[in-house]
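J.:
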Amino acid sequence: MARLASPVRKRDRMSEAALAPAPVQDLPAARLVDLVDEISSGLDEPTWLRDWRHAALRRALDTPWPSGKEEEWRRTPPERLPRRAESALPPSSNGAAPTHLFAPRDRAALLHHVGGRAVNAALRSDLEAGGLLLAPLSQAAREHPALVQRWLGSTHAPAFDRYGALGAALWTQGMFCYVPAGLQVDHSVFHLTSQPADGSDLWAYTLVAAERESAVSVIEAAAGPADDLRDDGRAPFVHHTVELAAEDAANIQFATVQRWSQDTAALTTAVAAIGRDAQLRYNSVSIGADLDKQRIDLELAQPGGHADLHGVFAGRGHQHIEHITRQHHSGLNASSELLVRGVLTDESHAVQYGVIRIDPGGQKTSAFQTMRNLLLDAGAGADPIPILEIEADDVKCSHAAAVGPVSADQLFYLQSRGIPPAIAERMVVRGFLAEVVDEIADQHLREVIDELIEAQLQIPHTVVSE
Amino acid sequence: MTTTTTPVTPRSEYEFGFHDDVEALVKLPKGLSADIVNTISDIKEEPDWMRRLRLKALDHFNSRPMPHWGGELGDIDFNDIHYYVRATDRDESSWDDVPGYIKDTYDKLGIPEAEKQGLLAGVGAQYDSEVVYHNIREDLEEKGVLFLGTDQALREHPDLVREYFTTIIPPNDNKFAALNTAVWSGGSFIYVPPGVEVDIPLQAYFRINSEDMGQFERTLIIADEGASVHYVEGCTAPIYSSDSLHSAVVEIICKPGSNVRYTTIQNWSNNVYNLVTKRAVAQRDAVMTWVDGNLGSKLTMKYPAVYLMEPGAHGEVLSIASAGQGQHQDAGAKIVHAAPNTTSVITSKSLSMDGGRSTYRGLLKVYEGAEHCRSNVRCDALMLDEHSRSDTYPTMEIDEKQVDIGHEATVSKVGDEQLFYLMARGLSEGEATKMIVNGFVEPIIKSLPLEYAVEMNRLIELQMDGAIG
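Chains as they are written, first to last, in the working numbering: chain P, 35 to 500; chain E, 67 to 535.
1. With 16 other CB atoms within 10 Å as the buried threshold, where does residue 447/P fall?
2. From which residue to which residue does the alpha helix (DSSP H) around residue 82/P run?
3. Please confirm if residue 395/P has its CB atom under 8 angstroms from at least one CB of chain E.
4. Determine the contact status of residue 298/P and residue 323/P, defining contact as a CB-CB distance below 8 angstroms.
5. Please confirm whether residue 319/P and residue 493/P have their CB atoms less than 8 angstroms apart.
6. Is the distance from the Cβ of residue 287/P to the Cβ of residue 238/P below 8 angstroms?
7. Spell out the partners DSSP gives residue 210/P in its beta bridges.
8. Under a Cβ-count criterion, where at least 16 other Cβ atoms within 10 Å of its own Cβ denotes burial, should residue 478/P be classed as buried or exposed?
9. Using the Cβ count rule (16 or more neighbours within 10 Å means buried), how would you classify residue 487/E?
10. Taking CB distances under 8 angstroms as the criterion, tell me whether residue 530/E reaches chain B.
11. Extract the residue ranges of the beta strand (DSSP E) inside the segment 324-374 of chain P, only unbroken runs of 3 or more that lie entirely within it.
12. Name the chain E residues whose beta carbon is nearer than 7 angstroms to that of residue 368/P?
13. By Cβ distance, which residues of its chain are closer than 8 angstroms to residue 229/P, with the 5 residues on each side in sequence left out?
14. What are the start and end residues of the alpha helix (DSSP H) that includes residue 115/E?
15. Along the chain, where does the beta strand (DSSP E) containing residue 100/P start, and where does it finish?
16. What does the Cβ neighbour count give for residue 39/P, buried or exposed, with the cut at 16 atoms within 10 Å?
17. Comparing C-alpha positions only, which one of 489/E, 413/E and 148/E sits nearest to residue 446/E?
18. Return the chain-ordered ranges of every beta strand (DSSP E) run that is complete within the segment 352-437 of chain E and spans a minimum of 3 residues.
19. Using a Cβ-Cβ cutoff of 8 angstroms, what residues of the segment 420-440 of chain P are near chain E? List them in chain order.
20. Within 8 angstroms, do at least three Cβ pairs link the segment 487-497 of chain E to the segment 444-460 of chain P?
21. So, does the segment 387-401 of chain P touch the segment 416-424 of chain E, judging by three or more C-beta pairs under 8 angstroms?
22. Report back the beta-carbon spacing between residue 74/P and residue 87/P to the nearest angstrom; my notes put them in contact at under 8 angstroms.
23. Quick check: residue 405/E and residue 370/E, are their CB atoms within less than 8 angstroms of each other?
24. Can you find the residues in the same chain that come closer than 6 angstroms, C-beta to C-beta, to residue 291/E, ignoring five residues on each side of it along the sequence?
25. Would the segment 125-133 of chain E count as touching the segment 239-257 of chain E if we require 3 or more Cβ pairs under 8 angstroms?
26. Looking at residue 223/E: is its Cβ nearer than 8 angstroms to the Cβ of residue 206/E?
27. Could you check whether the Cβ of residue 509/E sits closer than 8 angstroms to any Cβ belonging to chain P?
28. Using alpha carbons as the reference points, say which of 408/E, 379/E, 464/E and 137/E lies closest to residue 378/P.
29. Alpha helix (DSSP H) containing residue 197/P: first to last residue?
30. Here's a check: name, in chain order, each residue in its chain whose Cβ is nearer than 6 angstroms to the Cβ of residue 423/P, leaving out the five neighbours to either side.
31. Could you check what DSSP says for residue 320/P in three-state terms: helix, strand or coil?
32. Residue 362/E versus chain P: which residues are under 8 angstroms apart at the beta carbon?
33. Where does the unbroken beta strand (DSSP E) through residue 473/E begin, and where does it stop?
34. For a quick check, are the C-beta atoms of residue 303/P and residue 197/P less than 8 angstroms apart?
35. Residues of chain P with CB closer than 8 angstroms to the CB of residue 472/E, please, in chain order.
36. May I ask you to verify whether the segment 129-142 of chain E touches the segment 389-398 of chain E, counting CB pairs closer than 8 angstroms and requiring at least 3?
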């Protein structure tokens, strides 16, 4: 009798994780302090904001980088996510605003950042008169200090971890959207980002505050070139902080779409605070980047709040796409729903690590998680990890996760009705993602996203590979 | 909405909390060192390879950090534990020869009765560190079935033991498997020859009797081609004032076409740390089933695993956990699909009551190339009051496209409508709750052997008596 072979260890992620993480490339602490001063004075910020940045920098320096062994980090290829704190003011002249991949046809307000610098800002006059604000964050801090001071850092995003703290200290691209009490904004507010063309790192900070009984749809769209930005092997790094604050009975629909350059490593740190009876929907569409890791926390601390977190992604090549989410219920009678749907081709890989956390005060919570991964190629893979941590008994919680190919039954059904295989596959993939894409409150943008996803996945892909 | 939030009352007295004043024949001093490991090996007169393996494992144990996940392990003092205690100096071949004081303990557990009724094919009873009594029906012995204490197997079938020992769970697998490998004592060894079907369950009972005692049994089961066997293990420990440690290792090899079912019901007293590593490999067309019941202990961390190594293998884990006051049941399952056309099912049911915490922690892994795998994971949790906690940590790592993988979990409380319906028909709230809980765990209970199903239902009711008015 032969000794048993040890289990196969192909593509074992534990040994991948043993790869050396990206080396720490922090500037020296004194240099970082100077850098914060340079950024803050370059953006002509008030003193209190510079002090706020310095406080965040001190926290960052007191917080170690993630070791890669934490549950939220151990599936992230460590060599592909830079551990560096480098930021620089963009050059002063960028010329006219270039056309943006996601440029809207219709909007209530628009702000466009190119390489970190605001180049275009427009606000419909009636909404401006109604008190709506959309401005670069530094400018808003000068012009409306009381408002920015009230909301900036009001969620725990700047305290998330070292990246979160650095995000608060080093941002050059800031966006502030403020909706006064009772204002219902009828069209979407757009914030466009063009990635720095020289492939330098970008630290972006988004702050959306909706006062009680207001409603707003905010769409953030970021684009880089369709291929690589750099040829020296250094991944352009993008860190995006998102703070969303919905006061009592406010309604925020937030959508973020990214098509960063193919060599970009993108990290999102997003926290949404949902007030009493407030509603929030967070749609995330992930197309570009080599590595896209989105950490999104929903904080439901007040009674009656509701939050939806709906993400889609389309992976190809060796892309690595992660959604690290938390639905944190500490308030009575609130509800939340996570839905992540993604399609993976080639050797792309997805991770969904989602936690529903219910504190003892979160009685009568309804919280759900669904993670669905459609694999179109043999090399693709997915790790859906839906987690429940529940300390209240009167709750409704469930989760479901699935991984699999395009259903042969569905393809057969469509073909039996005369639809060619290529179109049948397109219909199935489109239908699979539609639930999330169709929620984005702008038809033109939805069409652009559909086209990009089909191109990304090379649809029709490997039809009927049974 | 306060129908189930009755005041917390102390849990009823631990049913198996008797403890015999047994004078141990051999009781090594507390603490863990190479000397202790060597002494254990000396007492057992083991072959040299086993001694070296133990010492190597001790190094692994010392060099590995404590797990930082799972339950609270900080209170374990590894230097305050007796790693070896022996109450009798040989395995007895007949029940009549077993010393009276040990018999008394087992009589209270009801073992010989069960055997006399012919329900069980063989009984091995582990009293602290050594197996004291083993019997196997003669017809099975004639077919070549081996059912021995692992120490005895090492003496009588050293080549067979050496061939399989630590092949499924290597000494450096994890900190507690390393500890077990260093100081293991007792456990069951089962070998079922090709084609032999053991038609009634083989059983073993484990008890911890001494204070500050660690129990480190090592079980090894080999089902040869086409064989089938059902092994049942129950655990109880008397209550002692200081904490005890139970850290077992179970290795199972299911050769092609074999069928192994391993049923555990643990009802350790509430001061036992139960940190167990259980793993099986299933070869072509083999079927491996773990039935895992966790009712007792202070903290259990146990995730029975099935590695599906060849096409057609099937793995199944049925898990039930009930956490009451002061308890944390961190249990689950691990299934690895390493070959095409393999299938698996995980069904987990957990109850949290009286401030207890139940955790499902699982891994489902599909390697690239393991095409046409199917797996279904289902975890349900029932919370009986607002002081308790329920967690679900299911991890899935899927590296293959042509698979059908699904996972679902729910957490809920006892439904008010269900309670109302039953109470409208004249049941008290407590009776109605018990009935609903029985229905909730029924899919697991019905897969247990009859006498265990009865015991299990009784234990759950016993636990609920403290929690439900």
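Here a beta-carbon is modelled for each residue, glycine too, at the ideal position from N, C-alpha and C.
T.: On the basis of the supplied data:
1. exposed
2. 81-96
3. Output row for residue 395/P: interface = no.
4. yes
5. Residue 493/P is positioned such that its CB atom lies no closer than 8 angstroms to that of residue 319/P.
6. no
7. In the DSSP output, where bridge partners are listed per residue, residue 210/P has 169/P and 241/P.
8. exposed
9. exposed
10. The structure shown contains no chain B; its protein chains are P and E.
11. Whole beta strand (DSSP E) segments, 3+ residues: 325-334, 340-349 and 354-363.
12. The premise fails here: residue 368/P is roughly 16 angstroms from chain E at the closest Cβ pair, so nothing lies under 7 angstroms.
13. 149, 236, 256, 257, 258, 259, 263, 270, 272, 294, 295 and 298
14. 114-129
15. In this chain, residue 100/P is not harboured by any beta strand (DSSP E), its DSSP state being neither H nor E.
16. No answer about residue 39/P holds up, because its pLDDT of 37 lies below 50 and its placement is not dependable.
17. 413/E
18. 353-360, 365-368, 371-374, 380-389, 394-403, 409-418 and 423-432
19. 420, 421, 422, 423, 424, 425, 426, 427, 428, 429, 430, 431, 432, 433, 434, 435, 436, 437, 438 and 439
20. Taking 8 angstroms as the limit for Cβ pairs, the verdict is that the segment 487-497 of chain E does not touch the segment 444-460 of chain P.
21. no
22. 6 angstroms
23. no
24. Closer than 6 angstroms at the Cβ level, and outside the excluded window around residue 291/E, lie 260, 321, 322 and 323.
25. yes
26. no
27. no
28. Per the C-alpha coordinates, the member of 408/E, 379/E, 464/E and 137/E positioned closest to residue 378/P is 464/E.
29. Run containing residue 197/P: 196-204, per the alpha helix (DSSP H) assignment.
30. 391
31. It is a strand residue.
32. Going along chain P, no residue has its Cβ under 8 angstroms from residue 362/E, so there is no contact; the nearest lies around 23 angstroms.
33. 469-479
34. yes
35. 434, 435 and 436
36. yes
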